[in-house]
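As structure tokens, the structure follows; a few thoughts come after it.
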Amino acid sequence: MKLATWNVNSLAVRLPQLLDWLAANPVDVLVLQETKLTDDKFPTLEIGAAGYQVQWFGQKTYNGVALLSRLPAQDVVKNIPGFADEQARVIAATVGGVRCVGAYFPNGQAPGSDKFAYKMGWLDALRGWLREELQQHPRLVLMGDFNIAPEDRDVHDPVAWAGQIHCTEEERAHFRGLQELGLVDAFRLFEQAPKCWSWWDYRNLAFRKNQGLRIDHILVSEALRGAVASCTIDKLPRKNERPSDHAPVLVDINL
DNA sequence: ATGACTCCCAGTGGGAGA
């Protein structure tokens, strides 16, 4: 079973690239973030024609998530149950016996800001919900744009980024909290080249200079850990004209 | 360097992203 996550930064703009990518990478499940579409504008026909069923949960202008799957998606959940949230950030479903959770974690803007406090509260709620979800669904994959660089090796310039948003100790403690639930960073199950990022700033020729962060992740539950065959970041779409600032992350699980 | 780019909604500018 192949699964992937991609922050597309506007599905309206990126739909042609998404369809091209799916044709080249016919994954079983793909979760999207930052669709930036109200639900009435979601391109169900085009995605259906590509051979995917789709669940979607959006809002105007910001955020918005979707889950594409070859097989039917069951027991769909939108956002974190019990956590009142105006922002469309989570979509979860069971596909082929695997609980798939796609999430667009809050950015947080800056430590100490209201948005940072929202990020911390959201992370608390996510962890509480996933603890229960893992008891119900031992085979679970959490994937998305975490907006957290877990370690200094996930940052192109750890000195410049020290204490900055995505790299604070509070955010990294939350990432470890997810790991303490038994979720494993699939990318780090394998030897990886140094300086692998999933996001590069649009400014400053950051992609050309490979100045980025690894903030998009796929975490698998303990029950799946031994079955993970590979986990990679696909930089190719970042070379497109009008690319998303994020690259897709893929995992292959032997099921 | 409080920037740089891209997206959105707006409407010839500004917020948000990361």
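Mapping of the first sequence onto my numbering: residues 293 to 547, in sequence order.
Built from N, CA and C at the ideal position, the CB exists for glycine as well.
By the DSSP assignment, the beta strand (DSSP E) with residue i in it spans what residues?
i, result
"Leu473", "Note, Leu473: premise wrong, no beta strand (DSSP E); not H, not E."
"Tyr396", "390-396"
"Trp298", "294-299"
"Lys370", "366-370"
"Ala358", "357-361"
Taking DSSP as the reference, what is the three-state secondary structure of residue i?
i, result
"Val288", "The first residue shown for the chain is 293 and the last is 547, placing residue 288 beyond what the model contains."
"Val382", "strand"
"Phe479", "helix"
"Ala421", "According to the sequence provided, residue 421 is Trp. The question's Ala does not apply to it. In this structure, Trp421 counts as helix in the three-state DSSP scheme."
"Phe349", "strand"
"Gly455", "coil"
"Leu415", "helix"
"His466", "helix"
"Asp449", "coil"
"Asp508", "strand"
Taking residue i and residue j to be in contact with their CB atoms under 8 Å, please state how far apart those CB atoms are, rounded to whole angstroms.
i, j, result
"Arg411", "Gly400", "One point to set straight first is that residue 411 is Lys, not Arg, in the sequence displayed. That pair is a contact at about 4 Å."
"Val319", "Leu337", "Val319 to Leu337, Cβ: 20 Å. No contact."
"Gly474", "Arg431", "Not a contact, Cβ separation roughly 12 Å."
"Ile507", "Ser490", "6 Å"
"Asn299", "His538", "4 Å"
"Thr327", "Trp348", "7 Å"
"Leu516", "Val433", "7 Å"
For residue i versus residue j, is the C-beta distance shorter than 7 Å?
i, j, result
"Ala548", "Cys392", "A question about residue 548 goes unanswered here, because the residues of the chain that appear run from 293 up to 547."
"Ala395", "Val387", "no"
"Gln309", "Asn546", "no"
"Asp465", "Leu505", "It should be noted that the sequence gives Ala, not Asp, for residue 465. No; because the gap between Cβ atoms is not below 7 Å, this pair is not in contact."
"His458", "Gln503", "no"
"Ser513", "Asp544", "no"
"Thr524", "Met435", "no"
"Leu360", "Tyr344", "yes"
"Arg534", "Phe499", "no"
"Ala380", "Gly350", "yes"
Check for me: the alpha helix (DSSP H) holding residue i runs from which residue to which?
i, result
"Leu303", "303-316"
"Gly436", "Counting along the chain, Gly436 falls outside any alpha helix (DSSP H), though it belongs to the beta strand (DSSP E) covering 432-437."
"Leu337", "336-341"
"Ala515", "514-517"
- Task: Ignoring anything shorter than 3 residues or poking outside the region 519-547, list the beta strand (DSSP E) runs there in chain order.
- Result: Within the region 519-547, complete beta strand (DSSP E) segments of at least 3 residues are found at 520-525, 541-545, given in chain order.
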